[in-house]
Amino acid sequence: MIDSVVRIPRPGQPPIKIGYGCPPLLMAGPCVLESEDVAFTVARTMRDLCRHHNISYVFKGSFDKANRTSINSFRGPGLTEGLELLAAVKHELGIPVVSDIHEPHQAETAAEVLDIVQIPAFLCRQTDLLVAAARTGKPINLKKGQFVAPWDMRYSVEKIRASGTSPVMLLERGANFGYNNLVVDMRSLAIMAALGCPVIYDATHSVQLPGGGAVSGGQRHFIAPLTRAAIGAGVHGLFMEVHPEPAQAKCDGANSYMLDKMDGFLSQIVPLWRSVAALDVDISSEIHE
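Take a look at the structure:
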């Protein structure tokens, strides 16, 4: 079985292709849309870096982080203002954008701007939300819940495929390993690819230490080694929280990567990615043997 190829539209350019046999894809940006300055700084820098390293790029940023631990935590600018900022980034910089939706009524409005509709991990089984996202026809980035086995993601994929025309990407972001800790089972990448979906590795949320206080912690020093492992396992794309000053970030700063270190990071991982791609191995093939 060959993984399906998902096509992501780009303003004024051919679509980005992601899946088996396609070039590397990076979705990167701040966890939440904090300000116009942070959004454009990250988006412009990452666009130029990805062009330099000859990989595809999508800007990510949440307009609302509705699952923050504390009611006092910053959630973002909200649907209207957030989509206006994402539209500005998209059209001024010529790059696709992705953001989360949390409620079914947001899907249609968000899809007017977003090139990829994202489903948060905590909501990956919410039928009404999946159906609403599927009906937009936009590619869907479906995060695997920390509480869901990779083989059980087939049921969420089936809900989407039965409800609309949206192609699906699956995102691995770790599984609960006791309280306040996550672990990444690299077998899940091949297991989910066997569902016929490109698989994205969430390099920064996977090192998060969820809960454990009003603000989640993180172990940034594990981002690089786990990313190398995921690329070696044959992942189709990466997803990253990137910030100019992680210590000042309003959300997920502890597990965000530093913007000024991304060139070195990409210099390290892109050659590895191309070496793995040259092996021409479909990561789902062994699952079917």
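All residue numbers for the sequence shown refer to the numbering used here, where the first residue is 615 and numbers rise by one. Note that beta-carbon positions come from the ideal geometry of N, C-alpha and C, so glycine has one too. The structure presented is a predicted model; accordingly, all values stated were derived computationally and were not measured.
My output table needs one value for residue i: the three-state DSSP class, helix, strand or coil.
i	result
Met-615	Because the pLDDT at Met-615 is just 39, under 50, the model does not fix this residue reliably, and the point stays unresolved.
Val-782	strand
Met-641	strand
Asn-790	strand
His-857	strand
Lys-875	helix
Gly-867	helix
Pro-812	coil
Ile-632	strand
Gly-825	coil
Val-646	strand
Ile-622	strand
Gln-862	helix
Is residue i buried or exposed, if buried means 16 or more other CB atoms sit within 10 Å of its CB?
i	result
Gln-882	exposed
Gln-862	exposed
Trp-887	buried
Asp-617	The pLDDT assigned to Asp-617 is 48, lower than 50, so where the model puts this residue is not dependable; a value taken from the coordinates is nonetheless given after this. Buried: at least 16 other Cβ atoms inside 10 Å.
Pro-781	buried
Lys-704	buried
Ile-685	exposed
Ser-898	buried
Leu-893	exposed
His-719	exposed
Glu-772	exposed
Val-652	buried
Are residue i and residue j closer than 8 Å when you measure CB to CB?
i	j	result
Ile-709	Ala-747	no
Pro-753	Met-806	no
Thr-655	Pro-858	yes
Val-712	Lys-674	yes
His-835	Gly-788	no
Pro-812	Met-767	no
Gly-751	Thr-779	yes
Arg-749	Ser-770	no
Pro-885	Met-872	no
Touch check for the segment 673–686 and the segment 619–631: three-plus C-beta pairs under 8 Å?
Under the three-pair Cβ rule at 8 Å, the segment 673–686 does not count as touching the segment 619–631.
Check whether the segment 847–864 and the segment 639–654 touch, using three or more Cβ-Cβ pairs below 8 Å as the test.
Contact holds: three or more Cβ-Cβ distances are below 8 Å.
Would the segment 662–670 and the segment 863–870 be scored as touching if the rule is three or more Cβ pairs under 8 Å?
Touching, no, given that fewer than three Cβ pairs across the two stretches are closer than 8 Å.
Mind listing, in chain order, the continuous alpha helix (DSSP H) runs of no fewer than 4 residues lying wholly within the segment 665–709?
Listed in chain order, the complete alpha helix (DSSP H) runs (minimum 4 residues) inside the segment 665–709 are 693–707.
If you scan the segment 702–773 from start to end, which runs of the alpha helix (DSSP H) of 4 or more residues do you find wholly inside it?
Contiguous alpha helix (DSSP H) elements confined to the segment 702–773 occur at 720–725 and 741–748, taking only those with 4 or more residues.
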